[in-house]
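In the UniProt record's numbering, the protein residues as written are 1 to 380. The beta carbon of each residue, even a glycine, is placed where N, CA and C say it ideally should be. Remember, predicted model here, so these are calculated numbers, not experimental data. Below is one structure, written out as structure tokens; comments come after it.
Structure, rendered in structure tokens:
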């Protein structure tokens, strides 16, 4: 779950990370009311989950109520890279001496948490990595041991932050790590982390991605579902309980398991096609789940063929086959489907599908052959 900046700052604040005073609003009048309450000057910031807000005119400084009213009126409803601004964050303006970058995420290959810190903040970290990779100090944290104060001190020194910012930076980095771990986040990022002329360090921005699978540990995370940015296809899939991400191709993808779904997307690309989606039905391939998946995919007008790629483990081949046959009787499908079925009881599953094969339902023995067939059908 990707949070808006204002949600990320509220998340950080709950772990004691200092952020600018402010509030989220949806109207011009409320923007003025918040600015009057927190005191001028203020910054009016568009809340969209995309970078480049400042360049697009979505972040403006206001010295009085009239300027807040003007900027809020201009920014609300603005389109920023395809995202319409519906929420504003009004916060007190900050004096900035220096800008830093700090983040934590998971390094799967190292099986450790990866922290990145740089004295070159305020710009995209990818740009820093490309132009001056030595400016990024990295640290790998063992989840068992956590981030100690001594490690944080060494890390800040390696990043060559202003020595006067050391104490504040170490405090925030330890709190940021706690927020990342205890908050079940996939990513926490502060860019910029600022050092003020009076010697304070605090988060001027917030980028947070939470693990949606952790909601059972954090009931309050349910509030974030209402503000997730999804297109129509993703909204429909979410309502059906499907793990779906919309893409821009013409080959619909259904697979069981996130790893297989990603591999299926990759193989479609490798044989010259373009996937229309990522759709993981998990361990459930019964008729209801399969029908829901097919409904979501066929509602995408760009889809010209569908690739059902199943490798049975706990899921049995005959259950998958019965689910496909039943689902095709429920859903109006006007594009061809190519099935690759392997794994547990795959032979029985193929036998069930055999009598139903036609120009609308085809079967291939391997993943590559199925990918080549489904891509050819999409192109034709």
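query                                                                                                                                                             : result
Taking DSSP as the reference, what is the three-state secondary structure of residue 191?                                                                         : strand
Alpha carbon to alpha carbon, what distance is there between residue 158 and residue 149?                                                                         : 14 Å
Along the chain, where does the beta strand (DSSP E) that runs through residue 32 open and close?                                                                 : Per DSSP, residue 32 belongs to no beta strand (DSSP E); it is in the alpha helix (DSSP H), 28-38.
Between residue 181 and residue 282, what straight-line distance do the alpha-carbon atoms span, to the nearest angstrom?                                         : 26 Å
Rounded C-beta distance between residue 307 and residue 252? I'm assuming under 8 Å.                                                                              : 7 Å
Please list the segments of the alpha helix (DSSP H) lying wholly inside the segment 275-343, counting only runs of 4 or more residues, in order along the chain. : 287-298 and 317-330
Identify which residue in 196, 64, 94 and 139 has its Cα closest to the Cα of residue 111.                                                                        : 139
Run through the segment 66-129 for me and flag every whole beta strand (DSSP E) of 3 or more residues, listed as ranges in chain order.                           : 88-92, 98-107 and 112-118
Suppose you measure from the CA of residue 4 to the CA of residue 210; what does that come to, to the nearest Å?                                                  : 11 Å
Do residue 343 and residue 297 have their CB atoms nearer than 9 Å?                                                                                               : no
Would you kindly report the start and end of the unbroken beta strand (DSSP E) that includes residue 242?                                                         : It is not in any beta strand (DSSP E) - residue 242 carries neither H nor E in the DSSP assignment.
In three-state terms, what does DSSP make of residue 205?                                                                                                         : coil
With distance defined between alpha-carbon atoms, name the residue in 74, 333, 82 and 101 nearest to residue 204.                                                 : 101
Rounded to the nearest angstrom, how far is the Cβ of residue 80 from that of residue 34, given a contact under 8 Å?                                              : About 21 Å separates the two Cβ atoms, so there is no contact after all.
Spatial neighbours of residue 193 within its chain, please: C-beta separation below 8 Å, excluding the five flanking residues on both sides.                      : 99, 100, 101, 102, 121, 169, 172, 201, 202, 203 and 204
Could you tell me how far apart the beta carbons of residue 374 and residue 353 are, in whole angstroms, since I believe they sit closer than 8 Å?                : So it is not a contact: roughly 15 Å between Cβ atoms.
Please tell me whether residue 63 and residue 196 are closer than 9 Å, where the distance is taken between their beta carbons.                                    : no
Can you determine whether any heavy atom of the ligand PLP sits closer than 8 Å to the C-beta of residue 340, and answer yes or no?                               : What this structure holds is no ligand at all, so the ligand PLP is not there to describe.
Residue 390 and residue 287 look like a contact to me (Cβ under 8 Å); what is the Cβ gap, rounded to whole Å?                                                     : Any property of residue 390 remains undetermined from this structure, which presents the chain solely from 1 to 380.
The alpha helix (DSSP H) with residue 172 in it runs from where to where?                                                                                         : 166-182
So, do the segment 215-222 and the segment 24-34 have three or more beta carbon pairs nearer to each other than 8 Å?                                              : no
Any beta carbon of chain D sitting closer than 9 Å to that of residue 159?                                                                                        : Looking for chain D here will not work: only one protein chain is present.
Just how far apart, CA to CA, sit residue 78 and residue 72?                                                                                                      : 10 Å
Does the beta-carbon of residue 275 have 16 or more other beta-carbons within 10 angstroms, so that it is buried, or is it exposed?                               : buried
Who pairs with residue 42 in a beta bridge, going by DSSP?                                                                                                        : 62 and 92
Could you give the C-beta distance for residue 207 and residue 189, rounded to a whole number, given that I count them as a contact under 8 Å?                    : 4 Å
Roughly how many whole angstroms lie between the Cα atoms of residue 273 and residue 261?                                                                         : 15 Å
Taking 9 Å as the cut-off, decide whether the C-beta atoms of residue 411 and residue 367 are in contact.                                                         : Residue numbering for the chain in the displayed model covers 1 to 380; residue 411 lies beyond these limits and cannot be assessed.
Where does the unbroken alpha helix (DSSP H) through residue 266 begin, and where does it stop?                                                                   : 258-270
For residue 17, which of helix, strand or coil comes out of DSSP?                                                                                                 : coil
Do residue 16 and residue 160 come within 9 Å of each other at the CB atom, strictly closer than that value?                                                      : no
By Cβ distance, which residues of its chain are closer than 8 Å to residue 151, with the 5 residues on each side in sequence left out?                            : 139 and 141
Along the chain, where does the alpha helix (DSSP H) that runs through residue 374 open and close?                                                                : 367-379
Among residues of its own chain, excluding the 5 on either side of residue 18, which ones have a beta-carbon nearer than 8 Å to its beta-carbon?                  : 172, 200, 201, 202 and 203
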